[in-house]
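J.:
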Amino acid sequence: MSEENTFDLIIIGSGPGGYVAAIRGAQLGLKTALIEKEKHLGGTCLNVGCIPSKALLHSTEMYHFAGHGADAHGIDLTNLSINIEKLMAKKSKTVDQLRAGVQHLMRANKIKVFNGLGMLAGGSKVRIKEKNDETVLTGKHIIIATGSSSIELPFLQFDGEIVVSSDQAIAFNTVPEKLAVVGAGAIGLELGSVWARLGSKVEVIEFLPNIAPTFDKDVSKMAERLFKKQGLNFHLKTKVTGLKKEKGKNILTAEKDGKEIVFEADKVLVAVGRKPYTDRLGLETAGIETDDKGRIPVDKYFKTSADGIYAIGDVIPGPMLAHKAEEEGVACVERIAGQAGHVNYDVIPNVIYTEPEIASVGMTEATAKEAGIEFKSGKFNFAGNGRAIATDATDGFVKVTACAKTDRIIGVQVIAKSASELISAAVTHMEYGGSAEDLGRTIHAHPTLSEAMKEAGLAVGGNAIHST
Ligand code: NAI
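So the mapping is simple: this note's numbering equals the position in the sequence shown, first residue as 1, plus 13.
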């Protein structure tokens with residue numbers, strides 16, 4: 014094996030987990046290789062996930078404001094129109110800029126990037142296949158960071174045209190007149206919002222009794238009410254059963270309370286979760302078995318059952334979130350380099366970037382109850398926040414849940430404009446074991462939306478100032 018193809022660390026997959034792990038490896042002096050099968054680095058998040066969807070959400074939020082909110086400010090925008098081609102070009106520009114940024118980071122950190130399909134080839138070897146070429150690398154340590162792909166429903170298979178995943182729903186070139194969305198989780202709500210703002214009639218079909226079902230029930234209920242006003246129609250406790258063609262129209266069939274209901278749809282976005290991606294990875298060659306959900310089991314240092322092979326991100330158990338993958342990448346590499354990296358799984362924020370946004374960290378009241386933890390909660394509505402009133406952001410609240418005995422914060426839920434940014438104050442307090450009183454006694458600039466976080470902290474002890 015040539016010196017050139019021998020590495021301390023080989024990472025398969027260049028999403029936020031993989032490329033961040035590569036940078037940390039290089040920082041710690043490891044000779045690092047990164048393998049990517051797609052044309053661009055950055056994985057799902059940068060190319061077809063978090064980033065393009067946030068660009069679309071931003072553009073369409075402005076369009077929605079122009080059509081529905083500007084007038085109240087005395088801004089006259091009659092003859093408003095939207096150019097989808099330009100909107101998509103703006104999204105692509107954002108993605109291109111970040112792709113270039115990741116490339117630059119690889120070069121600057123002297124990480125050797127290989128384009129091709131990386132496959133475990135036994136022991137410390139990784140084979141890279143690109144068209145007819147094959148390269149074999151040897152690595153002291155190998156990290157699998159191959160991510161996930163959309164789950165397909167057996168009776169609703171993706172065809173990329175009518176039945177689509179988020180990969181296509183971030184790139185429709187015309188606004189579908191009728192869009193059916195299966196699943197009211199992060200992807201369903203975000204992309205449902207995007208197309209509803211652009212004029213689609215959106216029907217969201219969800220199996221469970223609440224939208225955003227992993228969030229606090231009060232949050233889900235308020236979100237449902239607010240999103241309904243924005244034109245999203247929800248069909249809860251409803252099970253999709255199939256798709257048929259009738260007189261040239263696509264008819265999605267579903268079942269609610271034992272009765273069949275039907276939806277005519279130009280496009281059907283299936284957003285019912287994602288599954289680990291391990292196709293053609295050579296797990297069998299390496300002797301690694303997956304669990305019942307197709308995930309790669311690892312120990313607390315991200316070691317798989319094969320010596321020298323580790324796994325991080327969506328391909329292992331835990332929430333499928335870019336920031337979780339990044340932290341695991343860093344911790345895994347630090348352990349490899351003999352440092353004490355770790356991930357605090359109790360404080361991983363989770364966000365849905367709708368308007369208002371939904372964000373949470375730690376436990377909900379329901380999960381605390383299940384765990385048998387005695388808790389107390391404090392809630393503060395943005396209707397009592399000066400900045401919210403001045404900026405049309407009064408929809409929403411912060412709920413802080415703390416241990417009844419110690420006052421230590423165990424969970425925070427936010428539904429509000431910029432909830433994704435507000436939640437970080439709660440994350441920081443929780444990371445340091447902060448109490449609800451600590452949060453309530455922390456000085457926040459006035460007037461800011463973040464004062465609602467402080468007030469909710471105070472409300473846990475019944476001491477909120479601007480509420481009765
Ligand atoms: P999800 O797990 O967030 O939501 C899927 C929803 O589909 C759930 O509410 C589930 O009850 C429902 N469902 C499942 N089977 C169904 C069926 N047959 N009929 C009707 N409803 C059904 O999954 P989603 O939205 O596809 O996202 C995939 C992953 O990507 C998640 O782990 C999510 O956290 C992550 N993601 C995160 C984002 C963010 O952080 N903002 C944005 C997009 C995705």
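In this text, a Cβ means the ideal position worked out from N, Cα and C, and glycines have one as well. Given the structure is predicted, the values throughout are model-derived calculations rather than measurements.
(1) Which residues mark the beginning and the end of the beta strand (DSSP E) in which Leu-265 is found?
(2) To the nearest angstrom, how far is the alpha carbon of His-53 from that of Asn-60?
(3) Have a look at Thr-291 and Val-328 and give me their C-alpha separation to the nearest angstrom.
(4) Just confirm the distance between the C-beta atoms of Leu-249 and Glu-219, as a whole number of angstroms; I'd bet it's less than 8 angstroms.
(5) Judging by CA-CA distance, which residue of Lys-389, Ile-25, Ala-472 is the nearest neighbour of Lys-125?
(6) Cutting at 6 angstroms between CB atoms, please list the residues of its own chain near Asp-180, excluding the five before and the five after it.
(7) Fully enclosed by the region 125-204, which alpha helix (DSSP H) runs are 4 residues long or longer?
(8) Compute the minimum distance between the beta carbon of Val-195 and the heavy atoms of the ligand NAI, and state whether it is under 6 angstroms.
(9) Do you know how far the Cα of Val-346 is from the Cα of Ile-309?
(10) Pick helix, strand or coil for His-457, following the three-state DSSP scheme.
(11) Is Leu-211 helix, strand or coil when you go by DSSP?
(12) Can you check DSSP and say which residues form a bridge with Ile-329?
(13) To the nearest angstrom, report how far apart Ser-318 and Gly-129 are at their CA atoms.
(14) So, do the region 408-417 and the region 441-456 have three or more beta carbon pairs nearer to each other than 8 angstroms?
(15) Less than 7 angstroms between the C-beta atoms of Gly-28 and Gly-56, yes or no?
(16) Between Phe-168 and the ligand NAI, is the CB less than 6 angstroms from at least one heavy atom?
(17) Is DSSP giving Ile-301 helix, strand or coil here?
(18) Any heavy atom of the ligand NAI inside 6 angstroms of the beta-carbon of Leu-192?
(19) Does the Cβ-Cβ distance between Leu-133 and Gly-295 come in under 7 angstroms?
(20) In whole angstroms, give me the CA-to-CA distance for Gly-342 and Tyr-323.
(21) Can you tell me the Cα-Cα spacing of Ile-224 and Lys-389, whole angstroms?
(22) With a threshold of 6 angstroms, establish whether the CB of Pro-226 neighbours any heavy atom of the ligand NAI.
(23) Does the beta-carbon distance from Val-374 to Val-360 come in below 7 angstroms?
(24) Looking only at its chain, what residues have a beta carbon closer than 6 angstroms to the beta carbon of Pro-460, apart from the 5 residues adjacent to it on each side?
(25) Quick one: what's got a C-beta closer than 6 angstroms to Lys-104's C-beta in the same chain, skipping five residues either side?
(26) Measuring from the CB of Val-207, is there a heavy atom of the ligand NAI at a distance below 6 angstroms?
(27) If we call anything under 7 angstroms between Cβ atoms a contact, is Ile-164 one with Lys-288?
(28) In or out: Asn-186 buried (at least 16 other Cβ within 10 Å) or exposed?
(29) Out of Ser-480, Glu-387, Gly-385, which has the shortest C-alpha to C-alpha gap to Ala-396?
(30) Apply the 10 Å Cβ neighbour rule to Lys-392 and answer buried if 16 or more other Cβ atoms are within range, or exposed otherwise.
(31) Going by C-alpha distance, which of Ile-274, Asn-363, Leu-334, Asp-229 is nearest Ala-193?
(32) Which residue's Cα is closest to the Cα of Asn-263: Val-176, Lys-430, Lys-214, Ile-88?
(33) Closest to Ile-157 by CA distance: which of Val-283, Gly-201, Ile-23, Asn-122 is it?
(34) Let's test the definition: count the other Cβ atoms within 10 Å of the Cβ of Ile-97 and tell me whether it reaches 16, buried, or not, exposed.
(35) Is DSSP giving Gln-426 helix, strand or coil here?
(36) Quick check on the DSSP output: the beta strand (DSSP E) that includes Leu-22 runs from which residue to which?
T.: Walking through what the data contain:
(1) Run containing Leu-265: 262-269, per the beta strand (DSSP E) assignment.
(2) Cα-Cα distance, rounded: 8 angstroms.
(3) Answer to the nearest angstrom: the Cα atoms are 8 angstroms apart.
(4) Right, the Cβ-Cβ distance comes to about 5 angstroms (below 8 angstroms), so this counts as a contact.
(5) Checking every option, the nearest Cα to that of Lys-125 belongs to Ile-25.
(6) Cβ-Cβ distances below 6 angstroms link Asp-180 to Val-61 in the same chain, with the five nearest sequence neighbours on each side left out; the list follows chain order.
(7) Counting whole runs of 4 or more residues, the region 125-204 contains the alpha helix (DSSP H) stretches 179-182.
(8) Answer for Val-195: yes, Cβ within range of the ligand NAI.
(9) Ile-309 and Val-346: Cα-Cα distance of roughly 18 angstroms.
(10) It is coil, neither helix nor strand.
(11) If DSSP states are grouped into helix, strand and coil, Leu-211 belongs with coil.
(12) Looking at the DSSP assignment, Ile-329 forms no beta bridge with any residue, so it has no partner.
(13) Roughly 25 angstroms separates the two Cα atoms.
(14) Segments in contact, yes.
(15) Yes.
(16) No, the beta carbon of Phe-168 sits no closer than 6 angstroms to any heavy atom of the ligand NAI.
(17) Residue state, collapsed to three classes: coil.
(18) No - the ligand NAI has no heavy atom lying nearer than 6 angstroms to the Cβ of Leu-192.
(19) Cβ atoms of Leu-133 and Gly-295: closer than 7 angstroms.
(20) Near 10 angstroms, if we compare the C-alpha coordinates of Tyr-323 and Gly-342.
(21) Rounded to the nearest whole angstrom, the CA to CA distance from Ile-224 to Lys-389 is 24 angstroms.
(22) Answer for Pro-226: yes, Cβ within range of the ligand NAI.
(23) Here Val-374 is near Val-360, since their CB atoms are less than 7 angstroms apart.
(24) So the qualifying residues of the chain are Gly-399, Arg-400.
(25) Closer than 6 angstroms at the Cβ level, and outside the excluded window around Lys-104, lie Pro-65, Ala-68, Leu-69.
(26) No, the ligand NAI has no heavy atom inside 6 angstroms of this Cβ.
(27) The answer is yes: Cβ separation under 7 angstroms.
(28) By the 10 Å Cβ count, Asn-186 comes out exposed.
(29) Measuring from the Cα of Ala-396, the nearest candidate turns out to be Ser-480.
(30) When all chains shown are included, Lys-392 counts as buried.
(31) Proximity to Ala-193 across Ile-274, Asn-363, Leu-334, Asp-229 peaks at Ile-274, based on C-alpha coordinates.
(32) Looking at the Cα atoms, Val-176 is the closest of the given residues.
(33) When only C-alpha atoms are compared, the closest one is Ile-23.
(34) Residue burial annotation: Ile-97 is exposed, with fewer than 16 other C-beta atoms found within 10 angstroms of its C-beta.
(35) Strand, per DSSP.
(36) First-last of the beta strand (DSSP E) with Leu-22: 19-25.
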